[in-house]
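To convert, take the position in the sequence shown, counting from 1, and add 8; that gives my numbering. Note that CB positions come from ideal geometry on N, CA and C, so glycine has one too. Inspection log for the structure reproduced underneath, given as structure tokens.
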Amino acid sequence: MIDWLKPKDPAVRGGTAILQRSTSSRSLPGPRLCRLALAGLFAFLAGCGDPDSGPIAIQAPNYGPELATLEIDLSRDLLEGTLSLHLDGSDVTAYAEVWSGGARLALPIDTGPHLLLVRGEFMEGTSSVSRSQIELFLTPPPFPEVAVATPTSGSIDVPVTDWIHLEFAGDLGAAARDAVSLQCDGVAHPIDVHVFGSRELVINPKGELPAAAQCRLSWRAEGGTRDLAFRTAGTGLPAFVNYNRTSSRATAPFPDDFWLRPDPQRPGEVRLQIELSGFEQPDQIFFDSFVSDTRGLDGFSPIAHLTIELSEPPDPQSLPHTPIESMDPMASVGLFDVNSRSPTFGSRLPFRLEARSGTLGGRSTHALLIYPSVPLRPGGTYGIVITRRVRAAAARPFGPSLFFQYARDTEEMPGEPEALTRVRRLAGDVLDAVERYADPPIPREDVALAVRFTIRTTDGIPSDLLAMREDVAQRPSPEIRIERVVAEDPAARAAGSRVAAVVVGTFEAPDWRDENLNLARDPETGRPLRTGTRPVRFIAALPDAAFDGPVPVTLYQHGNPGSAEEEVLVQARSGLAEVGLAVVGFTDTINREVSPPGPSHEQRAQTQLVDILLRVLLHGRVPDYFVQTGGEQLAFLRAMGELGEYEQFEFTAAEGGEVRVIHGIDPTLPITYLGISEGANLAPAFLPYAPEIRAAALVVGGRRFSEVLIYQQADEFLAQIDHMGFTGLTATDVWVALALFQTIFDNQDAHNHAPFLYRHPLPINGDSHRASVLLVEGIDDSMIPNHATESLAWALGPLPVVDPARPVLLLPAVAGPLRGNFGASTTAGLVQFVPEGVDGIAPTAGCAYGRLSERSAREGHYCAQRAEEALRQRALFLRSAVDDAAPTIIAPLSQSY
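Printed below as a string of structure tokens:
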């Protein structure tokens, strides 16, 4: 199990070791118990007496720079003059300060185990009774020198909500929690101290530190006291995390189990009932359209982003931006598993975070967008926590909204709004979990926002494509028609192309959609219904090897915008024909129907986006372009048998005009798949249902629709919404709408199909084989976020990273070459290519200036597609899938074919 997913020991959940220490070498007067005996008795006697059940309660020691202080709570029925205190067998009563109701000892105490015995006579009724209490404690050794401190000594304008972090140059020993003290303006300030590993302390001041105060954290070290001095920031204007469920207009935070209600049709189950109103038209239509198809779902998307609205822009330095930063125990924002039945209950989960300010309709709003780094567990319950250590400018911490502050800090009162009662309960689940089980605990007073949300179940996501496969299998193979066969372009041959001929034809593709371009469904079973067929053009590039006999075939799926006509030949010329592979592909549904070649790439992409948005607004559903493409891929795979019936093709050679004969494909040989960008996005929704595919190379893909859309064109999308007349919306509303879009797109998002390849393979005609996968990313890809590709790698496997250029959280690293790591015949891994300009990482040689155009050399999306090493690696991977027991992923720089 991955380290961060390992269950915690329930016996120590939420606790850090209680570490205490003294550095004094002075001894107490009188005899001592044998230290060895004390050490042996320590475990045996621990817990003797119950400090809550009698008249004596001994508190844990508090260590100052020179002395240890022990507080003792005493019943007021103590008879004067009867109290005695013995430390390690020595009578220390004379050193105690005693008052009605308590006593205090302040003494230098040596390192090691100690035993304190407190006795006294107490009145119980009309007679006196002798009572005693024993406390065992461990005094730690002196602290080593500090290596790193946050804040640093001498810092000014330290936020009053900040935690303090100390990392020491050596081990702290067995314990350290109570051996530090904090004063501000000369007054002791209470703290919680937590120990991490053997060298780190996290100090959480209880409540806020006083504003504009001189504070000093002190501890004892060899040779004397050590201090960390800093000055806190002054008081400024308040900043808030917006949250008010009494307003039906408030879209954020999202997601929120406030909208998860009992399902009246299915007792014991729940469903989403998102109610957003108070908008003017046409803005109300906008949200109604995005919400309508969520009804009936039992939770939120496992891959959608979270949206948190702030009253003003945050200070970027106060936020965790990367998955690694999000897992820091001190991270100011946390995503937690709050399902008490989960093995990872109370644990943090990684995410990518971006702060976005946007203007729409003349109004600016500010939001945190949080993208979970892995698909969240179907049926799981999670909590997002924004602590008061997130701050605005001038070191001003974000506080809770008035609504959330009431929910957090007050008990239920008669007549209060139902929304407040509901949020109090939901937020309470999160607050209790992080206060009791998070490590370190997060006190509720430190929390500016806590929201619970539940993830939908995904068991039914494969059903449409399984039904389409069954439909294709039960009917005759799709008819193939050959339109023409032409020779490879002479200029390409002169440049080294090993493509011999190009076959252009059509296959009769089934269509399962209705007039609104949504799946037509059987009214009783809900299964997709075939509504017709239509001819879809394909392109096949045959290699020189086909002159000698039939050749193996690679199915190719193009990028977006793109087409088979534009790309099949490019890929065949880029190494695949050289290793004897035919390349065959067709244009996907949305590019055929919405954005065919002609306009610029930017115009075609914009046309697609507007088309999808308008259809959602008209019908309340995402058009089924993508699942239709998945069905067409399954039909095209079936059609390979029909294409293989064409044993030979005749064509006229470009040179000399002679008629030549060339063989076609051999569909009995292993079939492989290559997807570039959008073609890689589509593959995880194809491969789990196509065991006929032997291996697949997926280059710069990932799909998490809303994350990719925001990553690529957030500002353009806001401008489009404004242009369409939705001027009453805010940017925050749009970010929430895109999370809603992801929710209603989930069944078509290939990311949600990925676990059904290796993690939860589906029975397909008794065939247990699943395709090998070479997944490729370009570091700092500006079109497909690395975060999405790496999440796909985790969802698939997790896949190991082969010779990583940059480590990936949650994915293991392995050295290449890689072969048979997912079983004797299956290989799967992630490979990274590095463009020019990535800080701290040398570029892959084939991505250097002069090897590629400047644009491709600096862009991870193109570097990973076009570098010589990338072309060589995927050609060898696909060819080895045909020839060998298991395909090989070579280390990009170490081998050639």
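The beta carbon of residue 518 sits closer than 6 Å to the beta carbons of 538, 541, 643 from its chain, once the five residues preceding and following it are set aside; these are given in chain order. Annotation: the continuous beta strand (DSSP E) that includes residue 671 extends over 667-671. DSSP places residue 687 inside the alpha helix (DSSP H), whose first and last residues are 686-690. Counting only runs of 4+ residues, the alpha helix (DSSP H) found wholly inside the stretch 710-736 occupies 713-731, in chain order. Note on residue 336: under 16 other CB atoms within 10 angstroms of its CB, so exposed under the neighbour-count rule.
In this chain, the alpha helix (DSSP H) harbouring residue 597 covers 597-601.
Rounded to whole angstroms, residue 630 and residue 749 show a C-alpha spacing of 8 Å. In the DSSP assignment, residue 891 falls within the unbroken alpha helix (DSSP H) covering 876-891.
Under the three-state reduction of DSSP output, residue 858 falls in the coil class, being neither helix nor strand. Beta-bridge partners of residue 786 (DSSP): 841. If you draw a straight line from the Cα of residue 67 to the Cα of residue 765, it is about 56 Å long. For residue 743, the enclosing alpha helix (DSSP H) has its first and last residue at 739-753. In this structure, the CA atom of residue 461 is about 12 Å from the CA atom of residue 433. By the neighbour-count criterion, in which 16 or more other beta carbons inside 10 Å mark a residue as buried, residue 716 falls on the buried side. Distances from the alpha-carbon of residue 495 to those of 265, 508, 180 put 508 closest. Residue 300 sits in a helix when the DSSP states are folded into three classes. Short of 6 Å from the beta carbon of residue 834, and not among the five residues preceding or following it, lie these beta carbons of its own chain, in chain order: 780. DSSP places residue 404 within a strand segment (E or B) once states are collapsed to three. With contacts defined by Cβ atoms closer than 9 Å, residue 346 and residue 379 do not form a contacting pair. In this chain, the beta strand (DSSP E) harbouring residue 394 covers 389-395.
Looking at 215, 344, 675, the one whose alpha-carbon comes closest to that of residue 454 is 215. Separation of residue 208 and residue 711 (C-alpha to C-alpha, rounded to the nearest whole angstrom) is 39 Å. Contact check for residue 886 against residue 705 passes: the beta carbons are separated by less than 9 Å. For residue 649, same chain residues with a beta-carbon under 8 Å away, outside a window of 5 residues either side, are 485, 675 in chain order.
Residue 890 sits away from residue 623, with the two beta carbons spaced by 9 Å or more. Around the beta carbon of residue 180, 16 or more other beta carbons lie within 10 angstroms, which makes this residue buried.
Contact annotation: residue 71 and residue 228 have beta-carbon atoms nearer than 9 Å.
In the three-state reduction of the DSSP assignment, residue 520 falls in the coil class, being assigned neither a helical nor a strand state. For residue 656, the enclosing beta strand (DSSP E) has its first and last residue at 656-660.
Pairwise C-beta distances place the stretch 314-324 in contact with the stretch 369-389, as three or more of them are shorter than 8 Å. For residue 131, the enclosing beta strand (DSSP E) starts and ends at 120-132.
Within the same chain, 671 come within 6 Å of residue 557 by CB-CB distance, once the 5 residues on both sides are set aside. Burial is judged here by how many other beta carbons sit within 10 angstroms of a residue's own beta carbon; residue 107 has fewer than 16 and is exposed.
Sequence-distant partners of residue 415 (beyond 5 residues in either direction) whose C-beta falls short of 7 Å from its own C-beta, in its chain, are 428, 431, 432, 435. One Cα belongs to residue 823, the other to residue 807, and the distance between them is close to 13 Å.
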